[in-house]
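Written below as structure tokens is the structure these notes are about.
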Amino acid sequence: MIQIENLHKSYVMGHNSLHVLKGLELGIEAGEFVSIMGSSGSGKSTLLNILGILDDYDQGTYYLGGKLIQGLNETKAALTRNEMIGFIFQSFNLISFKNAMENVALPLYYQKISRKKRNQIALEYLDRLGLKEWAHHLPSELSGGQKQRVAIARALISQPRIILADEPTGALDSTTSFEVMDILKEINDQGKTVIIVTHEHDIAAMTKKIIRLKDGVIEEVIKNGDLQLFKDRVRTE
Amino acid sequence: MFDIDRWNEIWNALAKNKVRSLLTAFGVFWGIFMLIVMAGSGKGLQNGVSEGIAKFAANSAFFWAEQTSEPYKGFKRGRNWHMDWEDLQYLKDKVPEIEYITPKNFTGRFGNGSNVIRGKKNGTFNVKGDYPDYVKIDPATVLKGRWINDLDIRDKRKVCVIGEKVFESLFEPKEDPLGQYLKISGVYYQVVGLIRAETQININGRTEESISLPFSTMLQTYNMGNQVHFLAITAKKGVPVSVVEDKVKEFIKKKHSIAPTDMQALNSVNIEKEFKQMSGLFLGIQILTWIVGIGTLMAGVIGVSNIMLVIIKERTKEIGVQRAIGATPRVIIGQIMLESVVLTTVAGYIGLSMGVGLLELVNRIIESAPTKSGDRAFFAHPEVSLTVAVSALVVLIIAGLFAGMIPASRAIQIKPIDALREE
Numbered sequence: 001m002i003q004i005e006n007l008h009k010s011y012v013m014g015h016n017s018l019h020v021l022k023g024l025e026l027g028i029e030a031g032e033f034v035s036i037m038g039s040s041g042s043g044k045s046t047l048l049n050i051l052g053i054l055d056d057y058d059q060g061t062y063y064l065g066g067k068l069i070q071g072l073n074e075t076k077a078a079l080t081r082n083e084m085i086g087f088i089f090q091s092f093n094l095i096s097f098k099n100a101m102e103n104v105a106l107p108l109y110y111q112k113i114s115r116k117k118r119n120q121i122a123l124e125y126l127d128r129l130g131l132k133e134w135a136h137h138l139p140s141e142l143s144g145g146q147k148q149r150v151a152i153a154r155a156l157i158s159q160p161r162i163i164l165a166d167e168p169t170g171a172l173d174s175t176t177s178f179e180v181m182d183i184l185k186e187i188n189d190q191g192k193t194v195i196i197v198t199h200e201h202d203i204a205a206m207t208k209k210i211i212r213l214k215d216g217v218i219e220e221v222i223k224n225g226d227l228q229l230f231k232d233r234v235r236t237e
Numbered sequence: 238m239f240d241i242d243r244w245n246e247i248w249n250a251l252a253k254n255k256v257r258s259l260l261t262a263f264g265v266f267w268g269i270f271m272l273i274v275m276a277g278s279g280k281g282l283q284n285g286v287s288e289g290i291a292k293f294a295a296n297s298a299f300f301w302a303e304q305t306s307e308p309y310k311g312f313k314r315g316r317n318w319h320m321d322w323e324d325l326q327y328l329k330d331k332v333p334e335i336e337y338i339t340p341k342n343f344t345g346r347f348g349n350g351s352n353v354i355r356g357k358k359n360g361t362f363n364v365k366g367d368y369p370d371y372v373k374i375d376p377a378t379v380l381k382g383r384w385i386n387d388l389d390i391r392d393k394r395k396v397c398v399i400g401e402k403v404f405e406s407l408f409e410p411k412e413d414p415l416g417q418y419l420k421i422s423g424v425y426y427q428v429v430g431l432i433r434a435e436t437q438i439n440i441n442g443r444t445e446e447s448i449s450l451p452f453s454t455m456l457q458t459y460n461m462g463n464q465v466h467f468l469a470i471t472a473k474k475g476v477p478v479s480v481v482e483d484k485v486k487e488f489i490k491k492k493h494s495i496a497p498t499d500m501q502a503l504n505s506v507n508i509e510k511e512f513k514q515m516s517g518l519f520l521g522i523q524i525l526t527w528i529v530g531i532g533t534l535m536a537g538v539i540g541v542s543n544i545m546l547v548i549i550k551e552r553t554k555e556i557g558v559q560r561a562i563g564a565t566p567r568v569i570i571g572q573i574m575l576e577s578v579v580l581t582t583v584a585g586y587i588g589l590s591m592g593v594g595l596l597e598l599v600n601r602i603i604e605s606a607p608t609k610s611g612d613r614a615f616f617a618h619p620e621v622s623l624t625v626a627v628s629a630l631v632v633l634i635i636a637g638l639f640a641g642m643i644p645a646s647r648a649i650q651i652k653p654i655d656a657l658r659e660e
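Chains S and H, in that order, give the protein sequences. Just so you know, we're using our numbering here: the first sequence kicks off at 1 and counts up by one. Just so you know, we're using our numbering here: the second sequence kicks off at 238 and counts up by one.
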């Protein structure tokens, strides 16, 4: 699903150039449930931005679903994002003056689906996430967990092949965090590739594969079989 | 375009900054309001003046004698001279381009007292000696009786035609003036007509305050010999008045031994030229109106642009999210442009309506005000043509697009990644 080879990315700030990703190699198969970890400055946000086609890279190749993602213009990037990727953000990023249903329906608006139809689909998704009776509430009337569930519904509605979640539990308490992780796991069980960026070990431990970044390269990949070991290690840390 | 979400967005974006939106909208409103009111007033002035002079023969010129300014053929400079009645036939023969030629004489008002008496009533009025053809140059409506005719001239009849003010001061409102007698500077004249001027052009006093005698009668009664004070001439169709004017001057100077180079001795007014100047003036007023109006409008539009920029800044994150979940730059640009156009168009449309409303109100006041003939203000039917209204609307929409352009380009410069980055 995702094939990255020799990925380089630098940020130029004035006269200084910050080399963030240094020849990163990464392969993620369809249907995987992956977490990307790393201390701040390890390049995980940069990697996520590149994966999400929010940012371009300097060198290397990035294939998404067999398609080379390189030097896309904004329109193409937006269309590809809309079609392939569902985003979940730490701070939910719901639009404050739209109610839950309209927020969920927004990606379909960009696909020019009629209002009636997209609201109907949005209601279905909200129903799946147990939020049907909240459909006509504004984000300000929802709790954090509810907001994130609305955001998840919004990420799912365009039926993307990948869900990219940037610290999806970062703003939630542990109970709601686990609820959200359960939902993500369910989504993964239905066959979607889910990639989350997190710095919380217990959250990462709930995924099926952990990629640890350090200084712009992959330091360690912990796979299914070794997860128990990782969990134990987390406990001792 | 007609998706309710889009209008929802527009409404929310503008409603979030109510005061600012209103103030900005007021800028546009004021711009278009001023444009309409000024254009309408300019038109009103033009209409007023045109109505006042429209019926006056535009192809006419007038002549009167002044002191000579150059010595010629043994005459010293500063000589007093006058045109005479024979000049009429002379000019008709020499200048075939003349259509009508009429003389006009005036009596001075004697002292400060009244010069016209009827029974116990009296008044001071202009007394003019006129020719039958004069009404073909400066048209007048005959309210009662008739205008001076050829027989009056031939027989030097002691008759007169009076204006409305004269009637009002010397007669009872319901009285019939025809057949009555007026004593003008000691001589009795029978009233044969009551007239109302159709133009606002007055020669030696307003028509409604004037009494016209047959030209020949005036010459005889007031011992004027055969002199002519004032000459009115119209050119035949297709002949520029200035051609006739030049020829008339040339022949008159020749006949009266005036130096051909003497620019002062025979004075003249060319109405055609005056009209042209007038229309130039109105063109100037129109151009000025548009310059000032568009300037004001521009200020309003810049205000709109400004508020849109502020809105963009406040919505950076929202725009970032929209782009992350698939809004193409086109969608974003369309959204912002539409917001801008809506703001300017709504504000402008209100300004347009109120401007037109104000003009209509003024028009009604003017029309309902009791107007006596001759008291008309030089202002009538202030209006904006459909063309002006439509072009103002087009200007507005274009202005709205321009106003949206900078904010829109700013909005698509926002990278979603920057917008989403946690502070």
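For each residue, glycine too, the CB sits at the ideal point set by N, CA and C. Being a predicted model, the structure only gives us computed values, none of them experimental.
Cβ-heavy atom distance, residue i to the ligand COA, below 7 angstroms
i, result
"Ile187(S)", "Ligands in the displayed structure: none, and consequently the ligand COA is not present."
Nearest neighbour of residue i, chosen from the options [CA to CA]
i, options, result
"Gln90(S)", "Ile2(S), Lys185(S) and Glu167(S)", "Glu167(S)"
"Gln437(H)", "Leu259(H), Ser287(H) and Leu598(H)", "Ser287(H)"
"Ser158(S)", "Asn254(H), Thr581(H), Val593(H) and Ala564(H)", "Ala564(H)"
"Arg567(H)", "Cys397(H), Gln650(H), Asn363(H) and Phe312(H)", "Gln650(H)"
"Ala584(H)", "Ile522(H), Thr261(H), Ile524(H) and Ile573(H)", "Thr261(H)"
"Pro340(H)", "Gly360(H), Tyr371(H), Ile495(H) and Thr624(H)", "Tyr371(H)"
"Trp244(H)", "Arg647(H), Ile573(H), Asn600(H) and Ala629(H)", "Ile573(H)"
"Ile374(H)", "Met271(H), Met515(H), Gly360(H) and Ile470(H)", "Ile470(H)"
"Phe639(H)", "Glu412(H), Thr582(H) and Val627(H)", "Thr582(H)"
"Met1(S)", "Val194(S), His201(S) and Asp182(S)", "Val194(S)"
Residue burial classification, residue i (beta-carbon count within 10 angstroms, cutoff 16)
i, result
"Trp248(H)", "exposed"
"Ala536(H)", "exposed"
"His136(S)", "exposed"
"Gln559(H)", "buried"
"Met13(S)", "exposed"
"Leu251(H)", "buried"
"Asp612(H)", "Low per-residue confidence applies at Asp612(H): pLDDT is 49, beneath 50, and the placement is therefore not dependable, though the value from the model is reported in the following sentence. Per the 10 Å Cβ criterion, exposed."
"Glu102(S)", "buried"
"Val379(H)", "exposed"
Residue i at chain S interface by Cβ criterion, 8 angstroms
i, result
"Thr533(H)", "no"
"Ile548(H)", "no"
"Pro653(H)", "yes"
"Gly563(H)", "yes"
"Ile269(H)", "no"
"Pro566(H)", "yes"
"Ile200(H)", "Residue 200(H) cannot be examined here, being either before or after the span of chain H that is shown, 238 to 660."
"Glu555(H)", "yes"
"Val579(H)", "no"
"Arg560(H)", "yes"
"Leu633(H)", "no"
"Leu657(H)", "yes"
Strand pairing of residue i, partner residues [DSSP]
i, result
"Gln190(S)", "Partner(s): none; Gln190(S) has no beta bridge."
"Ala617(H)", "Paired residue(s): none; Ala617(H) is not in a bridge."
"Ile222(S)", "Ile210(S)"
"Val476(H)", "Beta-bridge pairing links Val476(H) to no other residue."
"Trp301(H)", "Phe467(H) and Asn504(H)"
"Glu5(S)", "Thr61(S)"
"Ile399(H)", "Leu431(H) and Ile448(H)"
"Leu260(H)", "For Leu260(H), which the question treats as bridged, DSSP gives no partner whatsoever."
"Lys550(H)", "Its beta-bridge partners do not exist; DSSP assigns none."
Contact with chain H by residue i, beta-carbon distance below 8 angstroms
i, result
"Asn99(S)", "no"
"Asp58(S)", "no"
"Ala78(S)", "yes"
"Thr75(S)", "yes"
"Arg161(S)", "no"
**Asked** With a cut-off of 8 angstroms, do at least 3 Cβ pairs link the stretch 551–566 of chain H to the stretch 78–94 of chain S?
**Response** Yes, they touch.
**Request:** Mind the definition here: the stretch 465–477 of chain H touches the stretch 297–313 of chain H only if three or more C-beta pairs lie below 8 angstroms; say whether that holds.
**Result:** Contact between the stretch 465–477 of chain H and the stretch 297–313 of chain H is present: 3 or more CB-CB pairs across the two stretches fall below 8 angstroms.
**Asked** Using 8 angstroms as the threshold, is the stretch 53–60 of chain S in touch with the stretch 214–224 of chain S, meaning 3 or more CB pairs across them?
**Response** With the rule of 3 Cβ pairs closer than 8 angstroms, the stretch 53–60 of chain S does not count as touching the stretch 214–224 of chain S.
**Request:** Kindly confirm or deny that the stretch 75–89 of chain S and the stretch 524–541 of chain H touch, where touching means at least three C-beta pairs closer than 8 angstroms.
**Result:** Contact fails: fewer than three Cβ-Cβ distances are below 8 angstroms.
**Prompt:** Do the stretch 425–440 of chain H and the stretch 324–335 of chain H meet, that is, are 3 or more Cβ pairs less than 8 angstroms apart?
**Reply:** Of all C-beta pairs linking the stretch 425–440 of chain H to the stretch 324–335 of chain H, fewer than three are shorter than 8 angstroms, placing the two stretches out of contact.
**Message:** Does the structure place the stretch 475–490 of chain H close enough to the stretch 386–406 of chain H that three or more beta carbon pairs sit under 8 angstroms?
**Reply:** With the rule of 3 Cβ pairs closer than 8 angstroms, the stretch 386–406 of chain H does not count as touching the stretch 475–490 of chain H.
**Asked** Below 8 angstroms, can you find three or more Cβ-Cβ pairs linking the stretch 35–45 of chain S to the stretch 518–525 of chain H?
**Response** Remark: fewer than three beta-carbon pairs, one from each stretch, lie closer than 8 angstroms, so the stretch 35–45 of chain S and the stretch 518–525 of chain H are not flagged as touching.
**Prompt:** Three or more beta-carbon pairs under 8 angstroms between the stretch 2–22 of chain S and the stretch 122–134 of chain S, yes or no?
**Reply:** Here the stretch 2–22 of chain S does not lie against the stretch 122–134 of chain S, with fewer than 3 beta-carbon pairs under 8 angstroms apart.
**Prompt:** With a cut-off of 8 angstroms, do at least 3 Cβ pairs link the stretch 24–38 of chain S to the stretch 204–216 of chain S?
**Reply:** Taking a cut-off of 8 angstroms on C-beta distances, the stretch 24–38 of chain S touches the stretch 204–216 of chain S, as three or more cross pairs fall below it.
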